[in-house]
Amino acid sequence: KKGYKIDTKAMEEALGVRVIPTVSTKKKGLDDLLKAIIEVADAIPSHLPNQLNYGQDIEDASSALQMQIKNAYPALAEKYPLRWLSFKLMEGDDHVYKEINIAGNGLPVRDVINHLKKAHGDDIESIMADARYAQATGLTHEVLKKPEFRKIDLTEKIDRVVLNRFLGIPIFLAAMWVVFKLVFDVSTPFIDWVDEMMAGPFPRWAEAILGVIHAPAWTVSLATDGVIAGVGFVLVFVPIIFAMMFAVTFLEGSGYMARAAFVMDRAMHAMGLHGKSFIPMLLGFGCNVPSIYATRTLENPKDKVLTALIVPLMSCGARLPVYVLFIGAFFAARAGTVIWSLYVLGIAMAVVMGVIFKRTLFKGEAPMFIMELPPYRMPSFRSLMIHTWEKGRHFLIKAGTYILAVSILIWFLLNLPWGVEHKKDSFLGQAGQVVAPVFEPLGFGNWEAASALITGVIAKEIVVGTMGEIYIPGALEEEEGETPTLGEDLKEIGTSFIGAFKGAVVNVFSSVGVVSLAAGEDEPGPMRTAMQKAFTPLSAFAFMVFTLLYMPCVIVMIALTPSASSIAFVSILYPF
């Protein structure tokens with residue numbers, strides 16, 4: 001695309017290995033690559049690539065170490081390449097020291113390292129890295145033929161606007177709004193479709209199957225009001241979770257996510273951090289746990305702790321079902337804008353808390369941020385599907401494991417003492433009534449909301465599951481009527497799925513202004529009707545904000561705890 005040409009023959013001579021040009025996205029050259037692999041594997045004697053020369057001092061030290069390892073530990077010479085072993089030992093590779101178990105056993109590794117440090121005035125890892133970069137730079141000059149007149153490519157043209165110091169952040173916020181708008185519009189018809197399954201056919205089928213085997217009434221209630229109303233109602237939001245993960249994966253693969261971190265570097269400097277800290281925060285849109293682990297890539301210990309503290313303020317995928325539940329009931333006409341406002345509020349709160357922490361507990365100058373920006377590209381559909389599945393499958397695993405277990409526990413808490421008539425008199429209802437007055441000033445001082453927030457400490461998805469167990473059974477009882485047959489249910493499932501697919505397509509074209517939707521609103525389902533009786537639009541929005549800001553789930557707290565390298569940090573973490 002840029003007019004560059006690579007001299008593969010010169011590259012083969014310089015490296016001493018076969019060089020096969022390929023284009024993986026178009027599957028070009030893959031057959032040639034497989035043939036070359038087989039030829040090299042079958043070659044006798046086996047061919048060795050050209051070795052990189054690290055300089056006379058390091059090469060002499062490597063040769064001496066190789067001889068000592070070979071004489072003292074002959075078994076290692078058969079298991080590992082001696083040259084590789086010697087370099088890894090000089091670099092201080094902890095994994096290699098542990099793997100071969102020879103640290104401190106008489107090899108003069110530390111003496112060699114200290115001698116090289118004195119001779120070169122730098123650590124050996126940097127010396128060897130410089131040698132590799134020098135080799136790569138020289139090779140590039142030899143084999144890469146650039147065009148005489150370089151054209152400004154599309155990436156540079158786009159970056160002149162996207163990375164502009166004044167337009168960068170507004171464009172980032174606008175991109176987020178477009179993503180949330182499209183994600184909600186595409187997934188809403190499928191959410192409604194799954195909701196219909198969980199509120200209609202699935203409970204009926206479970207009740208019918210358990211009735212055939214004459215299961216006791218409490219077992220039927222556990223299956224329908226506990227498992228299906230709890231786990232099932234969480235699964236209602238699988239479409240939007242996967243749609244959001246697809247959108248995030250697309251932004252990552254296209255090259256824009258790296259630019260978002262670069263654009264936010266100026267804002268991050270306001271709290272003494274840098275753009276590299278924003279990368280874990282962006283990962284927090286998927287799940288806070290891996291984003292907290294990603295903070296370990298930061299060099300400065302204070303930056304690690306500070307970034308880990310503010311990451312839970314990012315709206316993770318577990319909070320998304322809570323947002324969608326309330327938005328569908330109260331703000332369907334402005335869904336994209338409301339979701340966008342919650343995500344932006346999380347970022348804003350992270351910035352505010354970061355500034356406070358940096359000016360009080362984590363004082364220090366922000367380090368420089370250097371980042372290589374990848375070119376813009378269109379991710380392959382296969383790659384998007386693989387990475388979307390990898391990100392989204394954790395939601396399904398959680399739903400099938402501990403969310404299932406917690407849903408069963410919640411059912412028992414809602415039905416004990418045994419035979420309780422009203423759920424507010426159950427163990428969970430009583431606990432909710434004790435806590436509810438605390439939330440009265442916020443507008444949702446009812447026991448149902450308080451109970452959901454209590455269970456949400458375990459995992460934010462369980463807020464939705466708890467509300468499903470509280471509201472759905474009663475709402476379904478109000479809608480009881482003639483029971484459809486199995487054939488009618490299956491026909492309705494197929495018909496409604498086709499309708500959901502058509503609705504998603506229409507919503508996409510409506511979002512970009514190609515078509516316009518007719519005025520009017522869909523008939524609210526039983527869950528939405530129950531929610532509208534328990535909340536007002538203002539209290540619903542307040543509940544979503546509280547879900548964003550209150551204590552993160554237990555797994556996030558566990559992930560944060562290893563960062564607590566001191567009692568002082570623990571005393572900050574848990575009250576915060």
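The sequence shown: position 375 = 375 (the UniProt record's numbering), numbered continuously. Idealized CB from N, CA, C, for every residue including glycine.
According to DSSP, simplified to helix, strand and coil, what is residue i?
{"i": "G104", "result": "Confidence at G104 is low in this model, with a pLDDT of 45, below 50, so its placement is unreliable and no value can be given for it."}
{"i": "I347", "result": "helix"}
{"i": "V23", "result": "strand"}
{"i": "K79", "result": "helix"}
{"i": "K145", "result": "strand"}
{"i": "K460", "result": "coil"}
{"i": "K2", "result": "coil"}
{"i": "K363", "result": "coil"}
{"i": "V514", "result": "Note on V514: pLDDT 48, under 50, position unreliable in the model; no value is reported."}
{"i": "L298", "result": "coil"}
{"i": "R110", "result": "helix"}
{"i": "R393", "result": "helix"}
{"i": "W418", "result": "coil"}
{"i": "G520", "result": "Here G520 scores only 43 on pLDDT, less than 50, and its place in the model should not be relied on; the value that follows carries that caveat. Looking at G520 - three-state DSSP - the assignment turns out to be coil, as it is neither helix nor strand."}
{"i": "E478", "result": "Caution applies to E478, whose pLDDT of 49 falls short of 50 and renders its modelled position unreliable; the model cannot decide the point."}
{"i": "Y376", "result": "coil"}
{"i": "V236", "result": "coil"}
Please look up how many angstroms separate the CB atoms of residue i and residue j, rounded, as I've assumed it's under 8 Å.
{"i": "G226", "j": "E469", "result": "6 Å"}
{"i": "S407", "j": "G230", "result": "3 Å"}
{"i": "A559", "j": "V289", "result": "5 Å"}
{"i": "E12", "j": "V23", "result": "Contact flag wrong, Cβ pair sits at about 19 Å."}
{"i": "A267", "j": "V352", "result": "With a Cβ gap of about 11 Å, A267 and V352 do not count as contacting."}
{"i": "residue 581", "j": "Y343", "result": "With the chain covering 1 to 576 only, the question about residue 581 has no answer from this structure."}
{"i": "T547", "j": "V463", "result": "6 Å"}
{"i": "I410", "j": "T466", "result": "6 Å"}
{"i": "A436", "j": "G445", "result": "5 Å"}
Using 8 Å as the threshold, is the C-beta distance between residue i and residue j below it?
{"i": "M197", "j": "I403", "result": "no"}
{"i": "M551", "j": "V420", "result": "no"}
{"i": "G317", "j": "F395", "result": "yes"}
{"i": "L139", "j": "A14", "result": "yes"}
{"i": "C339", "j": "F180", "result": "Note that residue 339 is Ile in the sequence shown here, rather than Cys. Cβ atoms of I339 and F180: closer than 8 Å."}
{"i": "V554", "j": "P312", "result": "no"}
{"i": "T249", "j": "K145", "result": "no"}
{"i": "V194", "j": "P239", "result": "yes"}
{"i": "A223", "j": "L210", "result": "yes"}
{"i": "V183", "j": "M257", "result": "no"}
{"i": "residue 584", "j": "E461", "result": "For residue 584 there is no data in the structure shown, the boundaries of the chain being 1 and 576."}
{"i": "A136", "j": "G55", "result": "no"}
{"i": "N507", "j": "T188", "result": "yes"}
{"i": "F346", "j": "M314", "result": "Looking at the sequence shown, residue 346 is not Phe but Gly. Cβ atoms of G346 and M314: closer than 8 Å."}
{"i": "L298", "j": "S277", "result": "yes"}
{"i": "M349", "j": "L173", "result": "no"}
Need the endpoints of the alpha helix (DSSP H) that residue i sits in, please.
{"i": "E13", "result": "T8 to L15"}
{"i": "F330", "result": "L320 to F330"}
{"i": "M314", "result": "Element bounds for M314: n/a, residue is neither H nor E."}
{"i": "I213", "result": "Per DSSP, I213 belongs to no alpha helix (DSSP H) and is neither H nor E."}
{"i": "T547", "result": "P537 to L549"}
{"i": "T155", "result": "L154 to V162"}
{"i": "K181", "result": "G168 to A199"}
{"i": "D57", "result": "Q56 to A72"}
{"i": "M557", "result": "V554 to L560"}
{"i": "T224", "result": "Looking at the DSSP string, T224 is not in any alpha helix (DSSP H), and its letter there is neither H nor E."}
{"i": "A36", "result": "L30 to D42"}
{"i": "D122", "result": "That residue, D122, is in no alpha helix (DSSP H); it is neither H nor E in DSSP."}
{"i": "N288", "result": "N288 to A294"}
{"i": "N53", "result": "Looking at the DSSP string, N53 is not in any alpha helix (DSSP H), and its letter there is neither H nor E."}
{"i": "M257", "result": "Y256 to V263"}
Who are the near neighbours of residue i in its chain, counting only those whose CB is closer than 8 Å to its CB and skipping five residues on each side?
{"i": "L273", "result": "D303, L306, T307, G354, K358 and A366"}
{"i": "I6", "result": "P21, V143, L144 and K145"}
{"i": "V162", "result": "G168, I171, Y256, R259 and V263"}
Kindly list the residues whose CB is nearer than 7 Å to the CB of residue i, restricted to its own chain and excluding five residues on each side of it in sequence; keep chain order.
{"i": "K70", "result": "A77 and L82"}
{"i": "I327", "result": "A335, V338 and I339"}
{"i": "W283", "result": "Strictly speaking, residue 283 in this sequence is Leu, with Trp absent from that position. P290, S291 and A294, listed in sequence order."}
{"i": "S383", "result": "G253"}
{"i": "L538", "result": "G443"}
{"i": "E91", "result": "I124, E125 and M128"}
{"i": "F246", "result": "L384 and T388"}
Going along the chain, which residues of its own chain have a beta-carbon closer than 6 Å to the beta-carbon of residue i, five neighbours each way excluded?
{"i": "G429", "result": "K423 and W447"}
{"i": "F202", "result": "I228"}
{"i": "A540", "result": "F326 and F330"}
{"i": "V515", "result": "Note that V515 scores 46 on pLDDT, short of 50, meaning its location in the model is unreliable and no value can be drawn from it."}
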